[in-house]
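Numbering follows this note's numbering, in which position 51 of the sequence shown is assigned residue number 105; successive positions increment by one, without gaps. Using N, Cα and C, we set each Cβ at its ideal position, and we do this for glycine too. Values in this document were obtained by computation on a predicted structure and should not be read as measured data.
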Amino acid sequence: MRQRNAAIFLLLLFVVAIIVFTGLIKGGYFEHDISDYIETQKENDNRGSIENTRHAIFILIDSKKGVSNSTINRIYGKEFNGKFSDRRMRADVDVTYNAVVALDYVELMPKFSTETVKWLKSCQNDDGGFGRDAGLESNMMSTYHAIKSLYMPGSKPEDIRGAIKWIQDRQNSNGGFGFSNDDKDSLMMNTYYAASSLDLMNEKPKNTTAGKQYIVF
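Printed below as a string of structure tokens:
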């Protein structure tokens, strides 16, 4: 009996939480600057981030709310010579990806996209993969972020065949993909980045059957 009452109480609490959250959105409580909202929640060492701002923009747009100009301007203000910086002034391909995706989602592709495209292309290494910045070791996450960021404004990697080969060569016998030339362990995250990157370039993994089995099993 106690277990049943506890289950009913938790269910009611969950329903109330949904109603309250929905009411906050409809009531306009999330219309203020998103980055400031994140800071008031004391997330990320009490500082907002472009990645969290991207997720917040998705929520606002999907809930039919607009995004304030100050939020967009704050993202624009993080760009320098094509790449974006985040909290603690980290500037790399991964941060730039979050900024480009956020701006693309609100149909405001960067006016500086030429600079961004040029810098992203400079991050491709001779082995075909992309590093977090120009000259850094290729890794699967940055390779996906760079390729996705290039395709959004209608561009593409300078060396497409090299990018395809580097990604395909990271596939292991179990079907999964490694993270880099040295970190070869299969991970679901790496496999997602690899498959998504190849799909953008209209290619597939060398062993699609093993890839599917790795994901399913």
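Asked: Going by DSSP, which residues form a beta bridge with Gln178?; Found: Phe184
Asked: Looking at the structure shown, is Ser209 part of a helix, part of a strand, or coil, going by DSSP?; Found: coil
Asked: So, is Ile269 buried or exposed, given that buried needs 16 or more other C-beta atoms within 10 angstroms?; Found: exposed
Asked: In the structure shown, what three-state DSSP assignment does Phe75 receive?; Found: With a pLDDT of 43 at Phe75, under the threshold of 50, the modelled position of that residue is not reliable, and the figure given next carries that caveat. DSSP places Phe75 in helix when its eight states are reduced to three.
Asked: By the three-class DSSP mapping on this structure, what secondary structure does Asn244 have?; Found: helix
Asked: Under 8 angstroms: do the region 203-211 and the region 147-157 share three or more Cβ pairs, one atom per stretch?; Found: yes
Asked: Using 10 angstroms around the beta-carbon of Thr168, count the other beta-carbons present and answer buried if the total reaches 16, otherwise exposed.; Found: exposed
Asked: Work out the CA separation of Ser251 and Asp237 for me, nearest whole Å.; Found: 19 angstroms
Asked: Would you call the region 231-248 and the region 205-219 touching, i.e. three or more CB-CB distances under 8 angstroms?; Found: no
Asked: Where Leu190 and Phe184 are concerned, what is the direct C-alpha to C-alpha distance, given to the nearest angstrom?; Found: 8 angstroms
Asked: Should Gly265 and Trp220 be called a contact, given that it needs their Cβ atoms to be closer than 8 angstroms?; Found: no
Asked: Determine the closest residue to Gln267 out of Tyr247, Met255, Glu257, Asn226, with distance taken between C-alpha atoms.; Found: Asn226
Asked: Considering Cα atoms alone, identify which of Asp239, Arg215, Phe271, Val155 is closest to Lys258.; Found: Arg215
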